[in-house]
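Here's the structure we're looking at; comments come further down.
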Amino acid sequence: MNVLWLVALLVQLPSGDEVMRRVDENSFADTRIVVSRMIIHGRRDTRTVESQTWQRGTTDAFTEYLAPAREKGTKMLKLADNLWTYDPGTDRTILIAGSMLHQSLMGSDLSYEDMMEDPRLEHSYDATVSAADSIDGRRCWVVDLKAKVVGLAYETRRAWVDAERYVPLKEELYAKSGKLLKTVQLSDVQQLHGRWVPMHLLYRDVLKEGDGTEFVVVSEEFNTALPEYLLSKAALRK
Amino acid sequence: MIRFLLKGLLRDRSRSLLPVLVVMAGVTLTVILYAWLEGVESSVEQSTAHFSDGYMRVTTRAYAAEANPAANDLALLGVDTLLSGLRHDYPDVRWTPRITFGGLLDIPDAHGETRVQAPVAGLGVDLFTPGSVERTILPLGAALIRGRAPARRGEAVMSEELARRLGIAPGQVATVIGATMDGSMTFANFTIVGTVRFGVAPMDHGAIIADLADVQSALHMENSAGAILGFFPDDLYHENRADTIAARFNAARAEPGQFGPMMQTLRQASGLSGLMDYIAAFLDTLIAFFVFAMSIVLWNAGLMGSLRRYGEIGVRIAFGEDTGHVYRSMLVEAFAVGLVGSLLGTAIGLSAAYALQVHGFDMRPFLKNSSMVITDVLRARVTPGGAVIGFIPGLLATLLGAAISGVGIYRRQTSQLFKELEA
């Protein structure tokens, strides 16, 4: 069956723009509230960091860390191209810019730069469907993405997009040199409020030792009204 | 006989003064260069030990394999137990834990917003434990330019150069943004109570020094440290002792895995072995060169002397003096010349070296952008070796010169002597 699918689709692949438009359509919401758990498998131990994120559109987000005790109360605010973090221990709000953006987020395989990405990939990348494939029995389009905006963390990416649900199931992220930097495996895809949502993501920074970082979605709400004050610098110190 | 030879030497200045001056000049240069290289080697060792690796360093195997000294995700755990074990097993060595870290120094304005930021290299050192070795290894009081040394938790000193660049005065609060042992971003406030200058370029470009406990707390490294450093009580590097201690420790602590502790000597940890070997090889080459060059000069002087003393030697042989005796007497003369030249050269060389030890040579113009942990005023070092080293080329060259030029004595034919003398 899969072989027939591959052969059939190799002769008639959809356009990359169309695939990415449908991916963004599935994932985009005016607002979303996500409670998540990040399980970081380091070289020496495994840590779990819990957080809640309030997101408005594609540009603004506010994250509060809930656990462990050491990280509790740390907040992050992203407004357009700016990212601030608030540390309750020092009562300081710091703008994360320049080389700090390359740093690991809470010691995970994600960087602050990853947080700054526009979640709508069609805004930043030109897409081409290069092949058909299958992952865990799901039929996928293999989409090659090439940056059309200067200064992105990843110059090219390759995404395996579920051909029916339009959810990426696997991604490879490359540097300008063509070197593979990170891989992401997305699984446990569930339907929430009419959208297909991967509830488990495994990030691996291939330049780092360790078993990667699991990102588990505990709950997710879409298009819920957010309090206006939340997405402001004043909210960081509250 | 020796008195007779010495009288001859003193009365004939061309046999004594010129060779003595040549030997003296060569020995002076040898002694100065030897003391200078000893000083440079010692400065490199001491600076590297004080600011970076100690004379011995205990880290995890993974940390030792890492080029980055701020790789605190690979730090030692259970430092208290390890430290007390080291102090018990090797009481002749002074052990101290250290944390090296990197990050950004963020200076807030009146509203708590970032006014200015700069990259900073940090050291967490044991400042407050009574009897801490750090008080002599990193004497903050002596390095102070403004303010005072930290007296309580939450205080730090930073390099004067960085403080001026950022416009920080003692008393201001600065936030260090770094990475925890887990790799998370972390923030720690320090009151900058003083500024320091160590005369070591990488430290003076941009460093902050705080108490170990503060740094442990900021980087989530309680009871952890990047390294435990060992210092000999005389603060000199004794390579054989360090090798023995490291081998003993490593044999006793052969725990598997990359996070087990291992000990390295300064040479191994710092990558200084190449430089040290280079200095030793340079010194050997230098001495060999002086022996060779002076031997040629003295051989020449000996040849000229033999020509001038052709008649004298002929008469001595004609009177029945054994050629071997004549030859040996010339060697004794050469020995006396070498000895006097070496004594004078060593005295002058050591005096000059001592002046270089006291005043030093300011290398700052050449070390502006250096990342080498080396003091920027290099000094010579007068050691017992310096008092001996000059005698090797001084005596060897004169003896060699006399031995080669004196070979002609054996070629004189007794039957021809009177003819030669008549002529």
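Going down the list, the protein sequences come from chains E and F. Per the working numbering, the very first residue in the first sequence carries number 1; after that it's consecutive. Per the working numbering, the very first residue in the second sequence carries number 1001; after that it's consecutive. We put the beta carbon where it would ideally sit given N, CA and C, even for glycine. These numbers were taken from a predicted model, which means no experiment stands behind them.
Run the CB neighbour count on valine 149 of chain E, radius 10 Å, all protein chains shown included, and call it buried at 16 or more, exposed below. exposed
Please work out which residues of its chain come closer than 8 Å, Cβ to Cβ, to valine 1120 of chain F, disregarding the five sequence neighbours upstream and downstream, and give them in chain order. Gly1102, Gly1103, Leu1104, Leu1105, Met1158, Leu1162, Val1176, Gly1206, Ala1207, Ile1208
For isoleucine 1145 of chain F, which of F:Leu1123, F:Gly1226, F:Asp1322, F:Ala1169 has the nearest alpha-carbon? F:Ala1169
How many Å lie between lysine 248 of chain E and isoleucine 40 of chain E at the Cα? The structure shown does not extend to residue 248 of chain E, since chain E is modelled only from 1 to 238, so the question has no answer here.
Three-state secondary structure (DSSP) of methionine 106 of chain E: coil
Span of the alpha helix (DSSP H), counted from its first residue to its last, around glutamate 1239 of chain F: 1239 to 1252
Output, in sequence order along the chain, the residues in the stretch 183 to 208 of chain E whose CB is closer than 7 Å to any CB in chain F. none
Length of the line joining the Cα atoms of serine 1047 of chain F and glycine 1401 of chain F: 43 Å
In chain F, what lies closer than 7 Å to arginine 47 of chain E by C-beta? Asp1182
Short of 6 Å in beta carbon distance, which residues of its chain neighbour glutamate 221 of chain E, apart from the five on each side in sequence? Order them along the chain. Ile33
Helix or strand or just coil, what does DSSP make of tyrosine 229 of chain E? helix
Complete alpha helix (DSSP H) runs within the stretch 115 to 144 of chain E (minimum length 4 residues, chain order): 121 to 124
If you follow the alpha helix (DSSP H) that asparagine 1072 of chain F is part of, which residue opens it and which one closes it? It is not in any alpha helix (DSSP H) - asparagine 1072 of chain F carries neither H nor E in the DSSP assignment.
Same chain, Cβ closer than 6 Å to alanine 1057 of chain F, neighbours up to 5 away in sequence not counted: Here residue 1057 of chain F turns out to be arginine, not alanine, going by the sequence shown. Excluding sequence neighbours, arginine 1057 of chain F sits near Ala1227, Leu1229, Gln1264, Ala1269.
Flag this pair as touching only if the stretch 1280 to 1295 of chain F and the stretch 1384 to 1400 of chain F have three or more C-beta atom pairs under 8 Å; answer yes or no. yes
Short CB-CB distance (under 7 Å) between isoleucine 39 of chain E and chain F: no
Separation of methionine 1181 of chain F from glycine 1257 of chain F, as counted between CA atoms: 18 Å
Using the Cα positions of alanine 225 of chain E and lysine 75 of chain E, report the straight-line distance between them to the nearest angstrom. 20 Å
Just the Cα atoms here: how many angstroms apart are leucine 230 of chain E and glutamine 52 of chain E? 12 Å
Hey, could you find the ends of the alpha helix (DSSP H) valine 82 of chain E is sitting in? First, the amino acid is wrong: residue 82 of chain E is asparagine here, not valine. Not the alpha helix (DSSP H): asparagine 82 of chain E falls in the beta strand (DSSP E), residues 82 to 87.
Say whether chain E places a C-beta atom closer than 7 Å to the C-beta of methionine 1185 of chain F. yes
Near leucine 83 of chain E, what residues of its chain come up, given a Cβ to Cβ distance below 8 Å and the 5 sequence neighbours on each side ignored? Met76, Leu77, Leu95, Ile96, Ala97, Leu101, Tyr112, Met115, Met116
Hey, would you say arginine 1379 of chain F sits closer than 7 Å to glycine 1360 of chain F, going by beta carbons? yes
Which residues in chain E have a C-beta closer than 8 Å to the C-beta of alanine 1188 of chain F? List them in chain order. Gly89, Thr90
Suppose you measure from the CA of alanine 1336 of chain F to the CA of arginine 1328 of chain F; what does that come to, to the nearest Å? 12 Å
Could you pull the start and end residues of the beta strand (DSSP E) that isoleucine 1107 of chain F belongs to? 1094 to 1108
Does any C-beta atom of chain F lie closer than 7 Å to the C-beta of methionine 106 of chain E? yes
Neighbour-count burial assignment, proline 1425 of chain F, 16 or more Cβ in a 10 Å radius: The requested residue 1425 of chain F is not part of the displayed model; chain F covers only 1001 to 1423.
Under the DSSP definition of a beta bridge, which residues are partnered with histidine 200 of chain E? E:Ser187, E:Val216
Positions along the stretch 1097 to 1113 of chain F whose CB lies within less than 9 Å of some CB in chain E: Leu1104, Asp1106, Pro1108, Gly1112, Glu1113
Beta carbon proximity, threonine 1191 of chain F to chain E, threshold 7 Å: no
Taking the C-alpha atoms as reference points, what is the distance between aspartate 45 of chain E and aspartate 188 of chain E? 25 Å
Alpha carbon to alpha carbon, how far is aspartate 1284 of chain F from alanine 1149 of chain F? Give it in angstroms, no decimals. 44 Å
Suppose contacts are defined by Cβ-Cβ distances below 7 Å. Is threonine 1191 of chain F in contact with glutamate 1160 of chain F by that definition? no
Opposite glycine 1178 of chain F in the DSSP bridges: which residues? F:Thr1186
Chain-ordered neighbours of phenylalanine 1259 of chain F on chain E, where CB pairs are closer than 8 Å: Arg44
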